[in-house]
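Report on the following structure.
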Amino acid sequence: MGQASQEELRSEARTATLLFFFALTVLVLGVIAFLLWGLPALTMIGLAATAGVYGMLVAYAAGL
Numbered sequence: 008m009g010q011a012s013q014e015e016l017r018s019e020a021r022t023a024t025l026l027f028f029f030a031l032t033v034l035v036l037g038v039i040a041f042l043l044w045g046l047p048a049l050t051m052i053g054l055a056a057t058a059g060v061y062g063m064l065v066a067y068a069a070g071l
């Protein structure tokens, strides 16, 4: 049982690292978009975030 928990901890750490880098990438792209396009970029980012949240809700409801 100890071995399974070690593998699970490694898997969770890997997932957390991927999520952290994804969030960092989105943040950097958002700053670049804001510097290029100004306030309309914030609207695009907000729209993409809303669509992402709805996608996660649908996936959660479907049991994925």
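The numbering of the sequence shown is the numbering used here, which starts it at 8 and goes up by one. Each residue gets a CB set at the ideal place from its N, CA and C atoms; glycine is no exception. Every value quoted in this text rests on a predicted model; they were computed, and no experiment measured them.
What separation, rounded to the nearest whole angstrom, lies between the Cα atoms of residue i and residue j?
i, j, result
"L64", "T57", "11 Å"
"A55", "E14", "34 Å"
"L42", "Q10", "48 Å"
"G62", "L46", "25 Å"
"V60", "S12", "30 Å"
"W44", "R21", "34 Å"
"L16", "L25", "14 Å"
"A66", "F27", "20 Å"
Rounded to whole angstroms, how far is the Cβ of residue i from the Cβ of residue j, which I believe are closer than 8 Å?
i, j, result
"I52", "G37", "5 Å"
"A48", "A40", "4 Å"
Look up residue i in the DSSP assignment and say whether it is helix, strand or coil.
i, result
"G37", "helix"
"G45", "coil"
"G70", "coil"
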